[in-house]
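Visitor:
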Amino acid sequence: MRKLSWIFRLVPAFLAASFLNAQVGIGPELLVWQADCPLQVIAAALPAQSIHLDLLGRLTVANVSDKPVIRYTLGWVLVDNSGRNQLGIFLGKPVDASLAPGDTHIAPPQGADVDQMYRIARSKGFQSGRLIVGAVQVVFTDGSEWNYPLLRVGGFREQKDPALEERLRPIFERQRQWLDSLQPQQNAGACGGAGADRRVSLSFDCL
């Protein structure tokens, strides 16, 4: 267990470096597990170059279910830094993918334009905020689906899950090995993963 905790602390360090290098005043904040979700967001990084910066431009997801996944949809909630005020709810576009159990996939940019998020926060009277991202739909090869009513609920449910932690253990070991392979150019577009949390919250300060 100590080794796994070390991995969970290591990966966010690379994530933080990636965001700091982008010089946009954005940093990661890690929460808890997305409850009962077969597809967990495990990493985030900013694209190396982008005209319009997408705060969710490079997310990594992992299939933690027992069935292959063929499509998924992510969503995110914009809240103030305290998390008490909801500023906006957003749904991404469906993503076609082929993920066997235990596989990971880098999601395409989700369209969380930094300027748009800033404008929304300012329009609600806030100068800072957080983006919390998670899965809202997962479609399996057998035709079955997992759905989460984000628009109705207004946020993601969180629940610590030891069984999920065990499923993610080999996935994060592969992530750690990949990060090790980046040395010494360790900040070359590195991704990071959530340690105590498979949902990722990205915080920003309005400039």
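At position 206 of the sequence shown the residue is numbered 277 (the working numbering), and the sequence of numbers has no breaks.
For every residue, glycine included, the Cβ atom is placed at its ideal position computed from N, Cα and C.
As the structure is a computational prediction, the values presented were derived from the model and not from experiment.
For Val209 and Ala168, what's the separation of their Cα atoms in angstroms?
Guide: Straight-line Cα distance between these residues: approximately 10 Å.
Visitor: By a C-beta neighbour count over all protein chains shown, 10 Å radius and 16 as the cutoff for buried, is Asp213 buried or exposed?
Guide: Asp213 comes out exposed.
Visitor: Using the Cβ count rule (16 or more neighbours within 10 Å means buried), how would you classify Arg201?
Guide: Per the 10 Å Cβ criterion, buried.
Visitor: What first and last residue would you give for the beta strand (DSSP E) that runs through Ala279?
Guide: As displayed, the chain neither begins before 72 nor continues past 278, which places residue 279 out of reach and without an answer.
Visitor: Can you give me the Cβ contacts of Ile177 inside the same chain, cut-off strictly under 6 Å, excluding the 5 residues immediately before and after it?
Guide: Excluding residues within five positions, the ones whose Cβ falls inside 6 Å are Thr131.
Visitor: Within 10 angstroms of its Cβ, does Thr222 collect 16 or more other Cβ (buried), or is it exposed?
Guide: Checking the displayed sequence, the identity of residue 222 turns out to be Leu instead of Thr. So Leu222 ends up on the exposed side.
Visitor: Is it buried or exposed for Ala171, if we count other Cβ within 10 angstroms and need 16 for buried?
Guide: With fewer than 16 other Cβ atoms within 10 Å, it is exposed.
Visitor: Can Ala106 and Gln230 be called in contact, C-beta distance under 8 Å?
Guide: Yes. Within cutoff.
Visitor: Any chance you could list the alpha helix (DSSP H) runs of at least 4 consecutive residues sitting entirely within the segment 135-216, in chain order?
Guide: Runs of the alpha helix (DSSP H) inside the segment 135-216: 185-194.
Visitor: Measuring CB to CB, does Pro149 end up less than 8 Å from Ile191?
Guide: A small correction: the amino acid at residue 149 is Leu; Pro does not occupy that position in the sequence shown. Taking 8 Å as the Cβ cut-off, Leu149 and Ile191 qualify as a contacting pair.
Visitor: Under 6 Å Cβ to Cβ from Asp174, same chain only, skipping five residues before and after it: list those, please.
Guide: Answer for Asp174: Asn134, listed in chain order.
Visitor: Just mark Arg129 as buried or exposed, buried being the case when its beta carbon has 16 or more other beta carbons within 10 Å.
Guide: Buried: at least 16 other Cβ atoms inside 10 Å.
Visitor: To the nearest angstrom, report how far apart Gly182 and Leu235 are at their CA atoms.
Guide: Distance between the alpha carbons of Gly182 and Leu235: 28 Å.
Visitor: For Gly163, tell me which candidate among Tyr143, Lys138, Gln157 and Asn152 has the shortest Cα-Cα distance.
Guide: Selected option, being the one with the closest Cα: Tyr143.
Visitor: Identify every residue that forms a DSSP beta bridge with Leu110.
Guide: According to DSSP, which records beta bridges pairwise, Leu110 is partnered with Asn134.
Visitor: Closest to Gly146 by CA distance: which of Asp186, Gln111, Ser194 and Phe211 is it?
Guide: Considering only alpha carbons, the answer is Gln111.
Visitor: Just tell me which of Pro109, Glu237 and Gln157 has its CA closest to the CA of Gly196.
Guide: The candidate whose alpha carbon is nearest that of Gly196 is Gln157.
Visitor: Please confirm if Arg142 has its CB atom under 8 Å from at least one CB of chain C.
Guide: Reference to chain C is not applicable here, since this structure consists of a single protein chain.
Visitor: State the Cα-Cα distance for the pair Phe227 and Gly205, rounded to the nearest angstrom.
Guide: Phe227 and Gly205: Cα-Cα distance of roughly 7 Å.
Visitor: Measuring CA to CA, which of Arg247, Ile203, Asp125 and Arg238 is closest to Ser153?
Guide: Considering only alpha carbons, the answer is Ile203.
Visitor: Using a 10 Å radius around the Cβ and a threshold of 16 neighbouring Cβ atoms, would you call Gly225 buried or exposed?
Guide: Result: exposed.
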